[in-house]
Amino acid sequence: MNKTNFQHNFDLNLLRTFSVVYQERNLKRAAARLFVSAPAVSQSLKKLRENLGEVLFVKTAKGFDPTPFADELYQGINPLLEGVSRVINHAENFSPSSLNGSLTVDMGQQLISWLSPGLYKTISDECPNVDLICHNVSAETPDLLRSGVVDIAVELQFSKVPKDIIALPLGLLEFAMIMRRGHPINVAQECIENLVAYDIALIEVPVLNNFKESRFETTLRQLGHVPKIKHRNASMMGIKEILLHSDLIAPASINFAKQYSNDIKCVKVANVKNLDKFSLCAYIHERNRTSAKYQWLFDVVRKAVAALA
């Protein structure tokens with residue numbers, strides 16, 4: 041490549057396009073993030089390849105694999121692009137009321153029923169032209185954060201997260217065993233030995249790309265107890281309905297139990313401390329960590345959680 045042409049005539053937008061394609065490894069997803077057509081992205085990559093005189097990507101069945109040259113180029117330019125983004129985001133006078141379109145929040149089943157009303161109220165008040173979309177956290181959530189389809193996710197802290205997904209602490213969420221009112225257990229606290237005598241219902245929590253044993257099960261097994269897991273469900277509302285018509289009990293957020301206190305009661309575990317509180321986090325893609333919009337959105341989530349603590 042001619043250095044003089046690079047200094048005076050090189051289109052820096054080509055590097056931005058390259059960076060997004062490198063992250064997505066897919067033309068359609070990159071085009072969606074850039075708000076252009078897939079052919080336009082393809083044309084930009086072709087122009088960049090011609091300017092640099094190097095092959096950037098190799099097409100595969102799943103998308104595009106970067107060449108060693110592309111890896112080196114990305115590692116060199118991405119910090120510079122992020123620096124420019126930080127300067128622009130810091131300088132902009134962000135106003136939530138100026139937002140349009142929609143905001144999408146993925147939430148865990150332990151959260152969605154009691155957290156989404158508070159989020160809706162705040163976002164409706166501050167962003168009258170924005171629609172709030174709430175989905176359940178799923179194994180696809182990390183990819184949806186990468187593509188920008190999901191703006192932010194809120195879930196109990198995962199032990200491992202992808203490097204490009206940022207976990208932002210929201211505090212501790214209090215848990216107890218929940219059961220129907222009128223259940224034979226009729227105390228505010230009970231030892232774990234008496235609780236595990238009952239059949240248990242558990243929410244299935246997707247962790248990255250598969251389902252793993254819950255912290256509840258792992259802790260009980262470490263204590264020498266074998267919990268009788270009678271029912272598993274991907275819906276917290278489904279579990280609630282089963283509890284109302286049986287003697288099953290379930291570990292759940294106290295906030296969830298409060299929401300349905302006419303039908304559901306809490307019993308705290310008296311003698312196992314690490315089952316009473318779980319860390320809660322918000323998750324965003326790393327490209328949004330310095331964005332004024334996403335800092336505002338995280339603050340909205342944080343305040344909604346704190347208001348119900």
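Going by my numbering, the letters in the sequence shown line up with residues 41 to 349, in that order. Quick reminder that beta carbons are idealized off the backbone N, C-alpha and C, glycines included.
- Here Val307 is bridged, per DSSP, to Met217.
- The Cβ neighbour count for Val190, taken over all protein chains shown within 10 Å, is at least 16; the residue is labelled buried.
- Within the region 250-281, the complete beta strand (DSSP E) runs of at least 3 residues fall at 269-273.
- For Val194, the secondary structure class from DSSP, reduced to helix, strand or coil, is strand.
- Here Asn176 carries a strand assignment [DSSP, helix/strand/coil].
- Secondary structure within the region 62-150: the beta strand (DSSP E) runs of 3 or more consecutive residues, fully enclosed, are 97-99, 104-106 and 141-147 (chain order).
- Straight through space, the alpha carbons of Val266 and Leu54 are spaced by roughly 58 Å.
- In the structure shown, Val340 falls within a helical segment according to DSSP collapsed to helix, strand and coil.
- Counted as a single uninterrupted DSSP element, the alpha helix (DSSP H) harbouring Phe296 occupies residues Ile294 to Gln299.
- Listed in chain order, the non-local C-beta contacts of Lys308 below 6 Å within the same chain comprise Ala216 and Gln229, local neighbours out to five positions each way being set aside.
- For Glu195, same chain residues with a beta-carbon under 6 Å away, outside a window of 5 residues either side, are Gly148 and Val177 in chain order.
- Inclusion of Asp239 and Lys268 in the CB contact set at 8 Å is warranted, their separation being smaller than that value.
- Inter-residue distance for Ile152 and Val236 is about 27 Å (C-alpha atoms, whole angstroms).
- Per DSSP, the unbroken alpha helix (DSSP H) holding Ser164 starts and ends at Ile152 to Glu166.
- Exposed is the label assigned to Pro209, since fewer than 16 other Cβ atoms lie within 10 Å of its Cβ.
- In this structure, DSSP gives Ser187 a helical state, which the three-state scheme calls helix.
- Put simply, the backbone Cα of Tyr62 is about 50 Å away from that of Leu284.
- Between Leu320 and Gly211, the CB-CB gap stays under 8 Å.
- Annotated as distal: Lys68 and Leu213, with beta-carbon spacing of 8 Å or more.
- Secondary structure at Tyr238: coil, using DSSP grouped into helix, strand and coil.
- Contact between Ile192 and Val145 is confirmed by a C-beta separation of about 6 Å, below the 8 Å threshold.
- Here the C-alpha atom of Pro168 lies approximately 41 Å from the C-alpha atom of Lys87.
- DSSP places Glu230 within a strand segment (E or B) once states are collapsed to three.
- Pro182 and Pro202 have their C-alpha atoms roughly 8 Å apart.
- Distances from the CA of His223 to each of Ser135, Asn314, Phe104 and Lys305 were compared; the closest alpha carbon is that of Lys305.
- Taking the CA atoms as reference points, Leu120 sits about 44 Å from Met276.
- Beta bridge pairing from DSSP links Ser286 with no other residue.
- The beta carbon of Ala110 sits closer than 7 Å to the beta carbons of Tyr62, Leu96 and Phe97 from its chain, once the five residues preceding and following it are set aside; these are given in chain order.
- Here Val340 is buried: its Cβ has 16 or more other Cβ atoms, across all protein chains shown, within 10 Å.
- For the 8 Å CB-CB criterion, Glu326 and Ser187 do not form a contact.
- Annotation: Ala80 to Tyr334 spans about 28 Å, alpha carbon to alpha carbon.
- Within a 10 Å sphere around the beta-carbon of Asn311 sit fewer than 16 other beta-carbons, which makes this residue exposed.
- Exposed is the label assigned to Arg221, since fewer than 16 other Cβ atoms lie within 10 Å of its Cβ.
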